[in-house]
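Asker: Before I ask anything, here is the structure I am working with.
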Amino acid sequence: MNIPKILVGSPVTSLKKYSIPDYIKALNSLTYKNKELLVLDNSPEGRGLSAEFRNSGINYIKTEHAGNVRKMLARDRNFFREKALNEGFDYWLSIEQDIIPPQDVAERLLENRSAKIVSGAYFNFSHEKEDKILKPDMFCPINPKDKGTGITRRLMFDDLWPSRPIKVFVTGIGCLIIHRDVLEKIKFRFNPKIKAYDDLWFCRDAFKLGFEVLVDSRVSCKHMARLHSPELMEKLGFK
């Protein structure tokens, strides 16, 4: 029986340094065997996380800090994409540094055999004015019969139950497994004129190419989310 080879990891940053101990523990606790663990550190120079990842059992690469978060994320995710394609991986499992998945997350996401893009369920701040409540970080069509207008609404808690695979238009990349068939066709990108991250463009590009995007609400992840003001991010070297 062929066991899929999975690249596991994500870009990391000192902006979320608080999450690193739990993140290292979570990655090393994953039960899936045929995998490689890797992080790319795009922290500002002099604030890198090499000490935290030394002797962690996780491969670590320091990348250049470019200031623009959206630019760095797209660049670093394309590194994962290219590594997966060039080194014979069947999937890339993106687990961001503030996401703590179940230990068997890879096995459970792979149960969705018919889909090539599957996310676990987790919650995030909605970024609405004065809103500090965690909500599902996925979006579905306003009209269930929608064939691609891109008009969406955020999933609500009630949408996730009963627990099941749910078709969505957009999901974050916090806990997302992507088949190499998708990676071969889609590069991560961002639009400097639009305040949206590469996850939005990735999901839209996937939809246009006919790939389903699923969120499996049976796979529930912890999100160690914190709100960061624009002033704090600028002070730390991000924009």
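For my numbering, add 1052 to where a residue sits in the sequence shown, where the first one is 1.
The C-beta atom is built at its ideal place from N, Cα and C for all residues, glycine as well.
Everything numeric in this text was worked out from a predicted model, so none of it was measured.
What is the rounded straight-line gap between the Cα of V1267 and the Cα of R1099?
Answerer: Numbered from its first residue, the sequence shown carries residue 1267 at position 215. Numbered from its first residue, the sequence shown carries residue 1099 at position 47. In a straight line, the C-alpha of V1267 is about 34 Å away from that of R1099.
Asker: In chain order, what residues of the same chain lie with their CB nearer than 8 Å to the CB of K1291, ignoring the 5 residues before and after it?
Answerer: Residue mapping note: residue 1291 aligns to position 239 of the sequence shown, counting from 1. Bear in mind that the predicted position of K1291 carries a pLDDT of just 44, short of 50, making it too unreliable to give a figure here.
Asker: DSSP three-state label for E1088, please.
Answerer: Against the sequence shown, residue 1088 aligns to sequence position 36. Strand.
Asker: Can you say whether N1094 is buried or exposed, counting buried as having 16 or more other CB atoms within 10 angstroms of its CB?
Answerer: In the sequence shown, counting from the first residue as 1, residue 1094 sits at position 42. Flag for N1094 reads buried.
Asker: Write down the C-beta distance between V1060 and L1125 rounded to the nearest angstrom, noting that I regard them as a contact closer than 8 Å.
Answerer: Translated into the one-based positions of the sequence shown, residue 1060 becomes position 8. Translated into the one-based positions of the sequence shown, residue 1125 becomes position 73. With a Cβ gap of about 17 Å, V1060 and L1125 do not count as contacting.
Asker: Under 8 Å: do the segment 1214-1232 and the segment 1252-1268 share three or more Cβ pairs, one atom per stretch?
Answerer: yes
Asker: Are N1080 and I1058 closer than 8 Å when you measure CB to CB?
Answerer: Residue numbering aside, residue 1080 sits at position 28 when the sequence shown is read from its first letter. Residue numbering aside, residue 1058 sits at position 6 when the sequence shown is read from its first letter. The Cβ atoms of N1080 and I1058 do not sit closer than 8 Å to each other.
Asker: Beta-carbon separation of D1128 and L1092 under 8 Å?
Answerer: The count along the sequence shown starts at 1 and reaches residue 1128 at position 76. The count along the sequence shown starts at 1 and reaches residue 1092 at position 40. Contact annotation: D1128 and L1092 have beta-carbon atoms nearer than 8 Å.
Asker: For a cutoff of 8 Å on Cβ pairs, would you count L1235 as touching chain C?
Answerer: This model lacks chain C altogether; it includes just one protein chain.
Asker: Express the C-alpha separation of E1148 and Y1249 in angstroms, rounding to a whole number.
Answerer: Within the sequence shown, the letter at position 197 stands for residue 1249. Within the sequence shown, the letter at position 96 stands for residue 1148. C-alpha separation (whole angstroms): 14 Å.
Asker: Rounded to a whole number of angstroms, what is the C-alpha to C-alpha distance between K1237 and I1230?
Answerer: Position 185 of the sequence shown, counting from 1, holds the residue named residue 1237. Position 178 of the sequence shown, counting from 1, holds the residue named residue 1230. Those two C-alpha atoms are separated by around 12 Å.
Asker: Measuring only the C-alpha atoms, how far is Y1070 from D1257?
Answerer: As a working note, residue 1070 is residue 18 in the sequence shown. As a working note, residue 1257 is residue 205 in the sequence shown. Taking the straight line from one Cα to the other gives about 33 Å.
Asker: If you compare alpha carbons, which of K1123, C1227 and K1077 is closest to G1109?
Answerer: Translated into positions along the sequence shown, residue 1109 becomes position 57. The residue with the shortest Cα to Cα distance from G1109 is K1077.
Asker: Are there 16 or more other CB atoms within 10 angstroms of the CB of K1260, so buried, or fewer, so exposed?
Answerer: One-based indexing of the sequence shown puts residue 1260 at position 208. It is exposed - the Cβ of K1260 has fewer than 16 other Cβ atoms within 10 Å.
Asker: Run the CB neighbour count on I1055, radius 10 Å, all protein chains shown included, and call it buried at 16 or more, exposed below.
Answerer: What you label residue 1055 is simply residue 3 of the sequence shown in a count that begins at 1. The residue is exposed, with fewer than 16 neighbouring Cβ atoms inside 10 Å.
Asker: So for L1059, helix, strand or coil by DSSP?
Answerer: Residue 1059 sits at position 7 when you count from the first residue of the sequence shown. Strand.
Asker: With 16 as the cutoff for other CB atoms within 10 Å, does G1140 come out buried or exposed?
Answerer: By one-based count along the sequence shown, residue 1140 stands at place 88. It is exposed - the Cβ of G1140 has fewer than 16 other Cβ atoms within 10 Å.
Asker: CB-CB under 7 Å to S1215, same chain, minus the five flanking residues each way: which ones, in chain order?
Answerer: In the sequence shown, residue 1215 corresponds to position 163, counting from 1. Closer than 7 Å at the Cβ level, and outside the excluded window around S1215, lie S1269 and R1270.
Asker: Indicate the three-state DSSP secondary structure (helix, strand or coil) for F1105 in the structure shown.
Answerer: Taking the sequence shown and counting its residues from 1, one reaches residue 1105 at position 53. Reduced to three states, the DSSP call for F1105 is helix.
Asker: Need the endpoints of the alpha helix (DSSP H) that R1099 sits in, please.
Answerer: What you label residue 1099 is simply residue 47 of the sequence shown in a count that begins at 1. Run containing R1099: none; DSSP gives neither H nor E here.
Asker: With a cut-off of 8 Å on the beta carbons, I'd call C1227 and I1151 a contact; round off their distance for me.
Answerer: If you number the sequence shown from 1, residue 1227 lands on position 175. If you number the sequence shown from 1, residue 1151 lands on position 99. Taking C-beta atoms under 8 Å as the contact rule, C1227 and I1151 qualify, at a distance of about 5 Å.
Asker: How is P1244 classed by DSSP in three states: helix, strand or coil?
Answerer: Along the sequence shown, read from residue 1 onward, the residue named residue 1244 stands at position 192. DSSP places P1244 in coil when its eight states are reduced to three.
Asker: What residues are listed by DSSP as bridge partners for A1173?
Answerer: Walking along the sequence shown from the start, residue 1173 turns up at place 121. Partner(s): S1272.
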